[in-house]
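Going by our numbering, the sequence shown opens with residue 314, and the numbers climb by one from there.
Where is the CB? At the ideal position from N, CA and C, for every residue including glycine.
Keep in mind that this is a model prediction, so the values were computed, not measured.
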Amino acid sequence: FTCNYAKDYKTFIHHRLVEDKDHPLHFVQKRILRERKEEGLWWHVTVTAQTSRAKVVRSWVRRRMQNAFIAELRERDIAQDGKLVADKTSDIGKHGIEKKRLGTMGLTGSVKLQAGSLAVTAKYEEIRAEIGGVVDALLQ
Numbered sequence: 314f315t316c317n318y319a320k321d322y323k324t325f326i327h328h329r330l331v332e333d334k335d336h337p338l339h340f341v342q343k344r345i346l347r348e349r350k351e352e353g354l355w356w357h358v359t360v361t362a363q364t365s366r367a368k369v370v371r372s373w374v375r376r377r378m379q380n381a382f383i384a385e386l387r388e389r390d391i392a393q394d395g396k397l398v399a400d401k402t403s404d405i406g407k408h409g410i411e412k413k414r415l416g417t418m419g420l421t422g423s424v425k426l427q428a429g430s431l432a433v434t435a436k437y438e439e440i441r442a443e444i445g446g447v448v449d450a451l452l453q
């Protein structure tokens, strides 16, 4: 798969609609993008028709990658929105940061994961290992 990352907040999917003033959804998407809160991590997974022609297979691959990304974030005590999660038993989280500061810290920016044709035949553990490398790169 391929990964796109931007430190600023952008939606990789609807960005072309915001740029194209002649598109009928231009103003709607521009308003939605303007009203979206710029906090945490914006991420999504896309699958193209090159991965598989069958919609059910593309949905399955996308869901597997989403689940793997969420699992890798949880393994590192990070919520889906990129914020660090506090340890409930102590005042200091697993990251060594005090609980009261955890809400303001975490991953920021935008991430787009795009599945390739090999994601259909790859095992879930292989996908998690690849996505784990992406999450590690985001943490640095």
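Boundaries (first-last residue) of the alpha helix (DSSP H) holding residue i
i: HIS368; result: It should be noted that the sequence gives Lys, not His, for residue 368. Looking at the DSSP string, the run of the alpha helix (DSSP H) that includes LYS368 is 368–388.
i: GLN342; result: 339–348
i: HIS328; result: 328–332
Endpoints, beta strand (DSSP E) assigned at residue i
i: GLY422; result: 422–428
i: VAL358; result: 354–360
i: ALA319; result: 315–319
Local conformation of residue i per DSSP, three classes
i: TYR437; result: helix
i: GLY419; result: strand
Own chain, CB closer than 6 Å to residue i, minus 5 neighbours either side, in chain order
i: PHE382; result: ILE444
i: ALA392; result: VAL398
i: GLY429; result: PHE314
i: VAL424; result: TYR318 and TRP356
Where residue i falls, given that 16 or more other Cβ within 10 Å makes a residue buried
i: ARG366; result: exposed
i: SER372; result: exposed
i: LEU452; result: exposed
i: VAL369; result: exposed
i: VAL360; result: buried
i: LEU330; result: buried
i: THR364; result: buried
i: ARG349; result: exposed
Same chain only: Cβ atoms within 7 Å of residue i, ignoring 5 sequence neighbours per side
i: ILE440; result: ARG377, MET378, ALA381 and ALA432
i: PHE325; result: ASN317, SER423 and LYS425
i: ALA362; result: none
Beta-carbon separation (whole angstroms), residue i vs residue j, contact threshold 8 Å
i: VAL448; j: LEU386; result: 6 Å
i: ASP394; j: GLY353; result: 4 Å
i: LEU426; j: VAL358; result: 5 Å
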